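To convert a position in the sequence shown, counted from 1, into my numbering, add 715.
A short write-up of the structure that comes next.
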Amino acid sequence: VKDGSWTVLQLVEALGSCLENTDPRTRGRGIQLLSEVLLQCYSLLQEKEVLHLVLFYENRLQDHHLVIPSVLQGLRALSMCEALPPGLAVSVLKAIFQEVHVQSLLQLDRHTVYSIITNFMGTREEELKGLGADFTFGFIQVMDGEKDPRNLLVAFQIVRDLIAKNYALGPFVEELFEVTSCYFPIDFTPPPNDPHGIQREDLILSLRAVLASTPQFAEFLLPLLIEKMDSDLQSAKLDSLQTLTACCAIYGQKELQEFLPSLWSSLRREVFQTASEKVEAECLAALHALSACLSRSVLSPDTEDLLDSFLSSILQDCRHHLCEPDMKLVWPSAKLLQAAASASLRTYHRVTCSVLPLLLEQYTKHPQSSQRRTILEMLLSFLELQQKWGHVEEDESTLLSLRAPICSVVFSALTDSSVQLQLVGVRALTVLGSLQGFLSPSDLELVVDHLIHLALCEEDSQSSEAAMEAAGSLAPIYPKVFSGRMVPRLEEELQSGQWLSLGDSQRRHCEQEKESSHDHRSLRQRCLQALAAVSTHTSIVRETVPVLLQHLREVQKGSKAGNAQDMVSVCQSLHRVALQCQQDAESCWYYHQTVVPCLLAM
């Protein structure tokens, strides 16, 4: 046949006696041979040949069950023919739906039926859509009861295509949902040495793509997800939560409305009670997705805004736990509020205008450092969310109205005796500095003074290093303030060894600390480190590099009671500046022109 010396129809004639034999096994062998030829030669067939073969094979679907597998192989070959005349795809599928009880076939033969459907959906979409909802119903009957994972992957893909390509589901939406959702949650474990390599995760993702593919499934799916969230099986919980998150991408307010109270109650319970970080993370992701979905929903004038009532119930159930810094529900509550707040600018304003004043009030109420640290960390996590939205808008920001108390709380943390509280304070300071338009000029001067104090005076090296890091990340945002206020202070300190830092009382405090814990050398080292740390902007590099080089020359001349350690410290600072300059061509060029000749000369 391939060489063209025989046509397929001549082959059918030659096989005649075999195809018409009264013994089904003999007939089966004849059809098998013909089907194997077709699978190799389907691309050579003419339209007239395809027509005859399709009619012959459709007729054979009523034959003995031993013959059916070979008939299906032949139809699979014909479903790949480009020369298939219009109308035959519909005719073949109708015959299969009518004559073949698919689920009584073996796995391979069922797979063949799915392949025929997939091939026709790929090439004859418009014809199949002409069948209307009958096509969907026929497929539901084919798939109903499928158990083999290899077949399920193909069947799930067909359902996704039915929905994605807008085939008519008609009155069969619930039936289509039932026939796929009965596998949820997937509990398949691949057998050892499985040659097919199908993993549980493949099935989970494939089924999730079906369940989360249309809002039409919402009324059936959401009760199922709520039920499985309450299951004792962690895998079922995780799968339900991830599926809910996926659904939120395509649902609107209408689909969620009836189920919001139950969904919130399940999510809250899991976060408050679970010992599993995975379950907690998925609950928070789902709450974020729900809040984002409600934020996106377009409302008509007469519909209720569900976002507002949803956020009200979250605030009502979580807010009071924030007033109990020793209680175990503080962090779970804060995390739930953050998950909702991070969904959109609307949710952020709604949650923070309720939560931030409360946290500031709690901070002043609780004098212990450990409790203050917890409260400040929660405050910090809400401030970090503001970074996501960028610029602080005058008219609608809770933050700006609370600027004074927020700054006061953060500054008080920086001067606290607890190192852990100081460290959270420094992180909060960095975030506040990164919010454009938040800090006033006088606040900025205070920020710089606090950072100098922590960098040079603080006995604990953690606080000192954190302050230097913070100076480095804020300097590019406020180069004028740092080059005008911090660099001269550090230079003076380096030159004199006198203490010229903050107010008189703080100066005395520092001098006592200096006598007790630092000699002049370690202070010099800190100044050198701080000069390097703050060199993160071209204009500042032009100020700090000359100071470092001058100090290097003095140490080399021995005009100071210097030693090898001093030399090493300056070079380490210059090295740090060089690394920071790599990001910026102008700084880099300046460094090459200024530092390299000086070092070579030395």
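Glycine included, C-beta positions come from ideal geometry on N, C-alpha and C.
No experiment lies behind these values; they were computed from the predicted model shown.
Distance CB(residue i)-CB(residue j) smaller than 8 Å
i: residue 1302; j: residue 1296; result: yes
i: residue 1243; j: residue 1284; result: yes
i: residue 880; j: residue 840; result: yes
i: residue 666; j: residue 998; result: Given a span of 716 to 1317 for the chain in the structure shown, any question on residue 666 remains unanswerable.
i: residue 851; j: residue 883; result: yes
i: residue 982; j: residue 1002; result: yes
i: residue 1186; j: residue 1248; result: yes
i: residue 866; j: residue 898; result: no
i: residue 765; j: residue 716; result: no
i: residue 878; j: residue 928; result: yes
i: residue 948; j: residue 896; result: no
i: residue 1100; j: residue 1057; result: yes
i: residue 1098; j: residue 1139; result: no
i: residue 1262; j: residue 1209; result: yes
i: residue 857; j: residue 925; result: no
i: residue 1257; j: residue 1305; result: yes
i: residue 776; j: residue 735; result: no
i: residue 727; j: residue 748; result: no
i: residue 788; j: residue 754; result: yes
i: residue 778; j: residue 786; result: yes
i: residue 888; j: residue 957; result: no
i: residue 1053; j: residue 1088; result: no
i: residue 808; j: residue 757; result: no
Buried or exposed by the 16-neighbour rule on C-beta atoms within 10 Å, applied to residue i
i: residue 1268; result: exposed
i: residue 965; result: exposed
i: residue 760; result: buried
i: residue 737; result: exposed
i: residue 1215; result: Low per-residue confidence applies at residue 1215: pLDDT is 39, beneath 50, and the placement is therefore not dependable, though the value from the model is reported in the following sentence. That one is exposed.
i: residue 910; result: exposed
i: residue 1219; result: Below a pLDDT of 50, predicted positions are generally treated as unreliable, and residue 1219, at 49, falls in that range; no measurement from the model is reported.
i: residue 1018; result: exposed
i: residue 834; result: buried
i: residue 1069; result: buried
i: residue 1042; result: exposed
i: residue 1213; result: Since pLDDT at residue 1213 reaches only 42, below the 50 mark, its modelled position is unreliable, and the value read off the structure follows with that caveat. So residue 1213 counts as exposed.
i: residue 1148; result: buried
i: residue 1281; result: buried
i: residue 1317; result: exposed
i: residue 718; result: exposed
i: residue 906; result: exposed
i: residue 943; result: buried
i: residue 1094; result: buried
i: residue 1315; result: exposed
i: residue 799; result: buried
Reference residue i, options the options, closest by Cα
i: residue 731; options: 1094, 941, 744; result: 744
i: residue 872; options: 770, 832, 903; result: 832
i: residue 945; options: 1018, 985, 1140, 1194; result: 985
i: residue 1153; options: 1258, 1114, 867; result: 1114
i: residue 1346; options: 990, 987, 1000; result: Past the boundaries of the shown model lies residue 1346; the chain is included only from 716 to 1317, so the question cannot be answered.
i: residue 1320; options: 977, 976, 903; result: The structure shown does not extend to residue 1320, since the chain is modelled only from 716 through 1317, so no value can be given for it.
i: residue 1103; options: 1061, 1073, 777; result: 1061
i: residue 963; options: 813, 728, 1010; result: 1010
i: residue 1055; options: 1045, 1005, 936, 1262; result: 1005
i: residue 912; options: 942, 868, 888; result: 868
i: residue 1206; options: 771, 1259, 1072; result: 1259
i: residue 853; options: 863, 1037, 820, 810; result: 810
i: residue 700; options: 1035, 1279, 876; result: The requested residue 700 does not occur in the structure, where the chain is confined to residues 716 to 1317.
i: residue 771; options: 723, 1162, 1137, 957; result: 723
i: residue 917; options: 901, 931, 908; result: 901
i: residue 817; options: 847, 860, 806; result: 860
i: residue 1246; options: 1286, 1279, 1026; result: 1286
i: residue 1189; options: 1015, 1178, 791, 1141; result: 1141
Next item on the list: Note down, one range per segment and in chain order, each alpha helix (DSSP H) of at least 4 residues found wholly within the segment 888 to 944.
Entry: 888 to 896, 915 to 926, 933 to 944
Next item on the list: Check whether the segment 1052 to 1065 touches the segment 1078 to 1088, taking contact to mean three or more Cβ pairs, one atom from each stretch, closer than 8 Å.
Entry: At 8 Å Cβ cutoff, the stretches do not touch.
Margin query: Extract the residue ranges of the alpha helix (DSSP H) inside the segment 1037 to 1095, only unbroken runs of 4 or more that lie entirely within it.
Written below: 1045 to 1056, 1060 to 1080
Note to self: Assess contact between the segment 1168 to 1177 and the segment 1115 to 1122, defined as three or more Cβ pairs (one per stretch) separated by less than 8 Å. Is contact present?
What the structure shows: no
Check: Going along the chain, which unbroken runs of the alpha helix (DSSP H) with 4 or more residues stay wholly within the segment 769 to 851?
Finding: 783 to 794, 803 to 814, 822 to 838, 840 to 844
Next item on the list: Spell out a yes or no on whether the segment 1186 to 1201 and the segment 1304 to 1313 are touching, meaning 3 or more CB-CB pairs, one atom from each, closer than 8 Å.
Entry: no
Checklist line | Inside the segment 1257 to 1297 only - alpha helix (DSSP H) runs reaching at least 4 residues | finding: Counting only runs of 4 or more, we get 1279 to 1296.
Note to self: At 4 residues or longer, what runs of the alpha helix (DSSP H) sit wholly inside the segment 1143 to 1168?
What the structure shows: none
Notebook entry, point to check: Which full runs of the alpha helix (DSSP H) of 4+ residues lie inside the segment 946 to 984, going along the chain?
Noted result: 949 to 963, 968 to 971
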